[in-house]
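Student: Under the working numbering, think of the first position of the sequence shown as 113, with each following residue one higher. Ideal Cβ placement from N, Cα and C applies to all residues, glycine included. None of these values were measured; they are calculated from a predicted model.
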Amino acid sequence: MEVTDRKQSLPILHSLIAGGSAGGVAKTTIAPLDRVKIIYQVSSSQQFTFSAAYRSIKQIIKDEGVMGLWKGNTATLLRIIPYAAIQYTTFEQSKKMWMYVRPLSKDSSGISGFGRFVCGGVAGFTSVAITYPLDLLRARLAVAGPGPRIGSLFRLSLGLYRDSGIRGFYKGLVPTLIGIIPYAGISFYTFETLKYSYLEKHDTDTLPQSARMLFGGCGGFLAQSASYPLEIIRRRMQVQGSVTTRSSRHVTYALASQAGMVPLVKHIYKHEGIVRGLYKGLSMNWVKGPIAVGISFTVYDAVTTLLRDTEYLN
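Written out as structure tokens, the structure is:
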């Protein structure tokens, strides 16, 4: 059986709805793990372990309540819903353009593996470039200590603009754009390749939920591992100048001084090393990354299927 992307191409509105839903559900699910991970990513003194992360979770709950684990999730949702919607929509439209420009460069799914990688990279680059300021605000909220959450996003935005102007909202954009191309490319390439291999092998046009989770998880695992050092650089640059120190019984860190991407890489390598510096918290990403990507692809596929069925019935 031949399963083609051309036959399954989505209307733009469907991609926007499904992509936004996928991103919102996935990020809200793993938000507590994400906050703890960011706290350790920007630390220059604390070594990441799962036991240390567990102690940090308990301390956050003690200081801020259970909802403190979701601190910054409003900024995350404000970003991730348009981010995911743009990413999935751009991916679908990029596939159409790729098949039009290179109609012979494809396999039985309608597009080559290299084409999937390129389209995924384009989708990731586009979505990051448009929504980046909200990602920066989310990182700063994640490392903030106990305090009122109501209006904090607005106050943080005003303070950042007052101190740094518009440029302040784009600190860390360069490593983010560099990292998102292999990350998104590998994610989409892995998921789509496994998906269409399964559909063709089993002579069906329906992918089981378990397979969606598994294939999405595989994509997330590989993508996170390949691009992780650039995430460390991004987070450190994002929180530069936000506070000088943060201390609690379990977590203490000093934020890096103002530095560009290359000096920051050298500083981390010299003082923290590769594993404990550039790959700090990667094991947490191996847990939350595949979960988030698996949920995202699962929700996306499920919503697009629902929208197709609804449109067909109407």
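Based on Cα-Cα distance, which residue from LEU145, ASP315, ARG228 and GLY233 lies nearest to ALA304?
Tutor: Reading the sequence shown from its first residue, position 192 is the one you call residue 304. It should be noted that the sequence gives Glu, not Ala, for residue 304. Checked all of LEU145, ASP315, ARG228 and GLY233; the closest Cα to GLU304 is ARG228.
Student: Using DSSP with H/G/I as helix, E/B as strand and the rest coil, what is LEU272?
Tutor: Residue mapping note: residue 272 aligns to position 160 of the sequence shown, counting from 1. Here LEU272 sits in helix by DSSP.
Student: Between the segment 125–134 and the segment 395–414, are three or more C-beta pairs nearer than 8 Å?
Tutor: Contact between the segment 125–134 and the segment 395–414 is present, because at least three Cβ pairs lie under 8 Å.
Student: When the Cα of ARG147 is compared with those of ALA164, LYS208, ILE169 and LEU128, which residue comes out closest?
Tutor: Translated into positions along the sequence shown, residue 147 becomes position 35. When each option's Cα is compared against that of ARG147, the closest is ILE169.
Student: For THR318, does the count of other Cβ atoms within 10 angstroms reach 16, so buried, or fall short, so exposed?
Tutor: Translated into positions along the sequence shown, residue 318 becomes position 206. Exposed is the call here.
Student: Do you know offhand how far ILE344's Cα is from VAL154's?
Tutor: Residue numbering aside, residue 344 sits at position 232 when the sequence shown is read from its first letter. Residue numbering aside, residue 154 sits at position 42 when the sequence shown is read from its first letter. Straight-line Cα distance between these residues: approximately 7 Å.
Student: In this structure, does DSSP put LEU319 in helix, strand or coil?
Tutor: Taking the first residue of the sequence shown as position 1, residue 319 is located at position 207. In this structure, LEU319 counts as coil in the three-state DSSP scheme.
Student: With DSSP run on the structure shown, which of helix, strand or coil describes LYS183?
Tutor: Along the sequence shown, read from residue 1 onward, the residue named residue 183 stands at position 71. Three-state DSSP puts LYS183 in coil, outside helix and strand.
Student: Between the segment 337–352 and the segment 386–397, do three or more beta carbon pairs fall short of 8 Å?
Tutor: Contact holds: three or more Cβ-Cβ distances are below 8 Å.
Student: Rounded to whole angstroms, how far is the Cβ of ALA143 from the Cβ of LEU181, which I believe are closer than 8 Å?
Tutor: Reading the sequence shown from its first residue, position 31 is the one you call residue 143. Reading the sequence shown from its first residue, position 69 is the one you call residue 181. About 7 Å; that satisfies the 8 Å criterion.
Student: What are the start and end residues of the alpha helix (DSSP H) that includes HIS383?
Tutor: Counting from 1 along the sequence shown, the entry for residue 383 is found at position 271. Its alpha helix (DSSP H) spans residues 373–384.
Student: For MET349 and ALA251, what's the separation of their Cα atoms in angstroms?
Tutor: The residue you call residue 349 lines up with position 237 of the sequence shown. The residue you call residue 251 lines up with position 139 of the sequence shown. Roughly 10 Å separates the two Cα atoms.
Student: Return the chain-ordered list of same chain residues with a C-beta closer than 7 Å to the C-beta of LEU268, the five sequence neighbours on each side being excluded.
Tutor: The residue given as residue 268 occupies position 156 in the sequence shown. LEU249, ARG252 and LEU253, listed in sequence order.
Student: Since PRO245 is in the alpha helix (DSSP H), which residue starts that stretch and which ends it?
Tutor: In the sequence shown, residue 245 corresponds to position 133, counting from 1. PRO245 -> alpha helix (DSSP H) spans 225–255.
Student: On the DSSP letters alone, give me the boundaries of the alpha helix (DSSP H) that ARG167 sits inside.
Tutor: Position 55 of the sequence shown holds residue 167. ARG167 -> alpha helix (DSSP H) spans 162–176.
Student: So for GLN352, helix, strand or coil by DSSP?
Tutor: Taking the first residue of the sequence shown as 1, we reach residue 352 at position 240. Here GLN352 sits in coil by DSSP.
Student: Whose CA, out of PRO123, VAL351 and LEU418, lies closest to the CA of SER156?
Tutor: Against the sequence shown, residue 156 aligns to sequence position 44. It is VAL351 whose Cα lies nearest to the Cα of SER156.
Student: Nearest-angstrom Cα distance between SER264 and GLN158?
Tutor: For this step, residue 264 is matched to residue 152 along the sequence shown. For this step, residue 158 is matched to residue 46 along the sequence shown. Approximately 27 Å between the Cα atoms of the pair.
Student: Following the continuous alpha helix (DSSP H) through LEU390, name the residue where it begins and the one where it ends.
Tutor: On the sequence shown, position 278 is the one that residue 390 refers to. That residue, LEU390, is in no alpha helix (DSSP H); it is neither H nor E in DSSP.
Student: Identify which residue in SER224, ILE193, PRO194 and SER337 has its Cα closest to the Cα of LYS208.
Tutor: In the sequence shown, counting from the first residue as 1, residue 208 sits at position 96. Nearest of SER224, ILE193, PRO194 and SER337 to LYS208, Cα basis: SER224.
Student: Contact check, GLY291 vs GLY401 under 8 Å by CB: the rounded distance?
Tutor: Stepping through the sequence shown from its first residue, residue 291 is reached at position 179. Stepping through the sequence shown from its first residue, residue 401 is reached at position 289. Their Cβ separation, rounded to whole angstroms, is 13 Å, which puts GLY291 and GLY401 out of contact at 8 Å.
Student: Between which two residues does the alpha helix (DSSP H) holding ILE129 run?
Tutor: Translated into positions along the sequence shown, residue 129 becomes position 17. Looking at the DSSP string, the run of the alpha helix (DSSP H) that includes ILE129 is 124–141.
Student: Can you give the Cα-Cα distance for SER369 and TRP210, rounded to whole angstroms?
Tutor: On the sequence shown, residue 369 is found 257 positions in, with the first residue counted as 1. On the sequence shown, residue 210 is found 98 positions in, with the first residue counted as 1. Interpretation of SER369 is limited by its pLDDT of 49, a score under 50 that renders its predicted location unreliable; no figure is taken from the coordinates.
Student: Would the beta-carbon of THR238 fall within 8 Å of that of ILE198?
Tutor: Counting from 1 along the sequence shown, the entry for residue 238 is found at position 126. Counting from 1 along the sequence shown, the entry for residue 198 is found at position 86. Yes; because the gap between Cβ atoms is below 8 Å, this pair is in contact.
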